[in-house]
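Worksheet: the structure to be examined is printed underneath.
2 protein chains.
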Amino acid sequence: MISIAIVEDNDQFRLGLESIILGQKDLLLLASFEDAEKAITALPKMNVDIVISDISLPGMRGTELILRLNQKMPHTQFMVCSIHDDDDTIFETLKCGASGYILKDPITADEIIRSIHDLYNGGAPMSPYIAKKVISTFQKPTSKSPQSVLSVRENEVLELLSKGLLYKEIANKMGVSHETVKKHLKNIYQKLHVNNKIEALNKFKLL
Amino acid sequence: MISIAIVEDNDQFRLGLESIILGQKDLLLLASFEDAEKAITALPKMNVDIVISDISLPGMRGTELILRLNQKMPHTQFMVCSIHDDDDTIFETLKCGASGYILKDPITADEIIRSIHDLYNGGAPMSPYIAKKVISTFQKPTSKSPQSVLSVRENEVLELLSKGLLYKEIANKMGVSHETVKKHLKNIYQKLHVNNKIEALNKFKLL
DNA sequence: GTTAGTATTCCCCGAAAGGGGTATTGTTTG
DNA sequence: CAAACAATACCCCTTTCGGGGAATACTAAC
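Listed in order, the protein sequences are those of chains A and B. If you count the first sequence from 1, position 102 lands on 109 in this note's numbering, and the numbers rise without skipping. If you count the second sequence from 1, position 168 lands on 175 in this note's numbering, and the numbers rise without skipping.
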């Protein structure tokens, strides 16, 4: 049995969510709030598995709500259901600790139920559009970025270095001598105008 | 009609994938490769919507394959289907340009078909476990994360360390001796179970 | 009021990293 | 073809780190 709480100011959507949850035998609707204030005082006293929240709430943003609740309720998972699909809102929400983000616009009762189960089982339910945005942040800025000043081999060295490996471990992985790794690092430092590993990695990540 | 190519060295799994795709009226299996070499020469000449690839391939890693194909085939989407669930492999794959990552272990024909459609429609299909890992990288290091075990002073040290400062420079900034900084670092390493600066910063998410 | 944790300083020692060279082998590119 | 560069490997030397202690002082908790 999965216990659930809702925070949603739009009456129509909240009632819709409630009826969806009430219609499932393995879902238990423990509470339903119209605003963040009531939620933030009542929820920490309850033992809820999952909180489904809106982002635009009267008084407090959903991100703020999740951030605060997250600290008080370490065992509770948070999922946002919102109309907002802009980068700022999405990533701010994730940073605040939400483990799911689904868009209201194209959503079915079935998807909501699947998302709840997914979240409960350690997953991170996202609408396709959200998932795409999230994954896109990992994509390498291919060709011409600051990497371009570094050779292929030098990039490999930095990549391994960023994992915390020692010179000799990097040398093993790359199949070269420890001295070669050292030489690569020397050249990298010259090219990036830095003097140690951490400075190099900082420059590397930001170019 | 969605045109698809497969790169998978495991005969059983490749045949399984093929039959799943052949069984769908709106999916068209254009090619199926057992190794990366053949794929990398043949695929750029074909007009494929989606490439489903393994990671562990004979000769070349799937990440390398995707990276190279990605540059030559800007309109093709790549999805990985692998048994690997370690952070390194997952994020390396995403960096190389894959827009989907599903795990072989718990997978059904239905999920594969859904993933293909999702990908074709601009989504980013991920197994729940993968989605969770991806989303976790955005989480702010709040309450119960590595920071909580570190003292205020230790946090200050790490903060300065992340800028690439030397022990003696940190000591100056903090108004303590170089040996004190060293001692703080020793304690930090013990608490975080690491052995050097970069590993510590990685745990701390500061790098 | 003793125990636990933090902050501070110091010692020794060996390993790792950084800076200065030099040199060979390819590859690329005017 | 020469010049430039990437990759490889080695030398010497100094500095920085990391791990092992030990000691003092303060604070908080039990």
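We treat Cβ as the ideally placed atom computed from N, Cα and C, and that holds for glycine.
message: Need the endpoints of the alpha helix (DSSP H) that A:G107 sits in, please.
response: Per DSSP, A:G107 belongs to no alpha helix (DSSP H); it is in the beta strand (DSSP E), G107 to L110.
Spatial neighbours of B:Y196 in its chain, beta-carbon cut-off 7 Å, leaving aside the 5 residues before and after: Hits under 7 Å: N202 and A207.
query: At least one CB of chain B closer than 7 Å to the CB of A:P224: is that the case?
result: An answer regarding residue 224 of chain A cannot be provided, because it is not within the stretch 8 to 214 covered by chain A.
- request: Kindly indicate if chain B contains any beta-carbon less than 7 Å away from that of A:D93.
  value: Taking Cβ atoms only, chain B never reaches closer than 7 Å to A:D93, which makes this a no.
query: Should A:E99 be labelled buried (16 or more other beta-carbon atoms within 10 Å of its own) or exposed?
result: Burial call: buried.
field: 8 Å contact criterion, which A:Y136 and A:L110 should meet: CB distance rounded
entry: Beta-carbon to beta-carbon, A:Y136 and A:L110 are separated by about 6 Å, close enough to satisfy the 8 Å threshold.
- request: With DSSP collapsed to three states, give me the class of A:V14.
  value: In this structure, A:V14 counts as strand in the three-state DSSP scheme.
message: Between B:G66 and chain A, is the shortest Cβ-Cβ distance under 7 Å, so that the two count as touching?
response: Taking 7 Å as the threshold, the shortest C-beta distance from B:G66 to chain A does not fall below it.
query: In chain order, what residues of the same chain lie with their CB nearer than 8 Å to the CB of A:H191, ignoring the 5 residues before and after it?
result: Around A:H191: R160, E161 and V164.
task: Compare the beta carbon distance of B:D16 and B:P81 with 7 Å and say whether it is the shorter of the two.
output: No, Cβ-Cβ distance for B:D16 and B:P81 is not below 7 Å.
- request: Could you round the C-beta distance between B:S10 and B:D56 to whole angstroms and report it? I think they count as a contact, below 8 Å.
  value: With a contact defined as Cβ atoms closer than 8 Å, B:S10 and B:D56 qualify at about 5 Å.
- prompt: Do you know how far the Cα of A:D18 is from the Cα of B:H200?
  reply: When rounded, the distance between both Cα atoms is 50 Å.
Closer than 7 Å to chain A by CB, B:F85: In terms of beta-carbon proximity, B:F85 stays away from the interface with chain A, with every pair separated by 7 Å or more.
message: Strictly below 8 Å CB to CB, what residues from chain B border A:Y136?
response: What A:Y136 touches in chain B: G129 and G130.
query: Curious, which full-length alpha helix (DSSP H) runs of at least 4 residues does the region 114–173 of chain B contain?
result: Fully enclosed alpha helix (DSSP H) runs of 4 or longer: 116–127, 135–143, 153–156 and 159–168.
task: Give me the Cα-Cα distance between B:I120 and B:G23, rounded to the nearest whole angstrom.
output: The straight-line gap from Cα to Cα measures roughly 12 Å.
Burial state of A:I28, where buried means 16 or more other Cβ atoms lie within 10 Å: Counting Cβ neighbours within 10 Å, A:I28 comes out buried, since at least 16 surround it.
field: A:I90, buried or exposed, once every other Cβ within 10 Å from all chains shown has been counted against 16
entry: Burial call: exposed.
field: Touching by the beta-carbon criterion (3+ pairs, under 8 Å), the region 175–191 of chain A and the region 174–184 of chain B
entry: No contact exists between the region 175–191 of chain A and the region 174–184 of chain B.
- request: Could you name the residues of chain B that A:D125 contacts, counting a contact when the two beta carbons are closer than 7 Å?
  value: Per Cβ cutoff of 7 Å: P135.
- prompt: Got a sec? Which residues, its chain only, sit under 6 Å from A:S216 by beta carbon, not counting five neighbours each side?
  reply: What the structure shows of chain A is the stretch from 8 to 214, and residue 216 of chain A is not part of that stretch, so it cannot be assessed.
message: In this structure, how does DSSP classify A:I90 when only helix, strand and coil are distinguished?
response: A:I90: coil per DSSP, three-state reduction.
field: Cβ neighbours of B:A105 in the same chain (closer than 6 Å, five flanking residues each side left out)
entry: For B:A105, where only same-chain residues beyond five positions count, the Cβ hits under 6 Å are I73, F85 and V87.
message: Counting only beta-carbon separations shorter than 7 Å, does B:L101 have a partner in chain A?
response: Yes, contact with chain A.
- request: Examine chain B for any beta-carbon lying closer than 7 Å to the beta-carbon of A:S10, and answer yes or no.
  value: So, not an interface residue.
task: Kindly indicate if chain A contains any beta-carbon less than 7 Å away from that of B:N203.
output: Answer yes: the Cβ-Cβ gap between B:N203 and chain A drops below 7 Å somewhere.
field: Beta-carbon proximity check, A:M67 vs A:Y108, cutoff 7 Å
entry: No, the Cβ-Cβ distance between A:M67 and A:Y108 is not below 7 Å.
- prompt: Mind checking if B:G104 is an interface residue toward chain A, Cβ cutoff 7 Å exclusive?
  reply: So yes, B:G104 belongs to the interface.
- prompt: In terms of residue numbering, what span does the alpha helix (DSSP H) encompassing A:I73 cover?
  reply: For A:I73, the uninterrupted alpha helix (DSSP H) segment begins and ends at G69 to K79.
task: Give the straight-line distance between the Cα atoms of B:E186 and A:Q78, rounded to the nearest whole angstrom.
output: Rounded to whole angstroms, B:E186 and A:Q78 show a C-alpha spacing of 35 Å.
- prompt: In terms of DSSP beta bridges, what is A:I59 paired with?
  reply: In DSSP, A:I59 forms a bridge with A:I13 and A:M86.
field: Per DSSP, cross-strand counterpart(s) of A:L35
entry: Answer by DSSP bridge pairing, in chain order: A:S10.
- prompt: What's the C-alpha gap between A:I123 and B:Q31?
  reply: As the crow flies, the alpha-carbon of A:I123 is around 29 Å from that of B:Q31.
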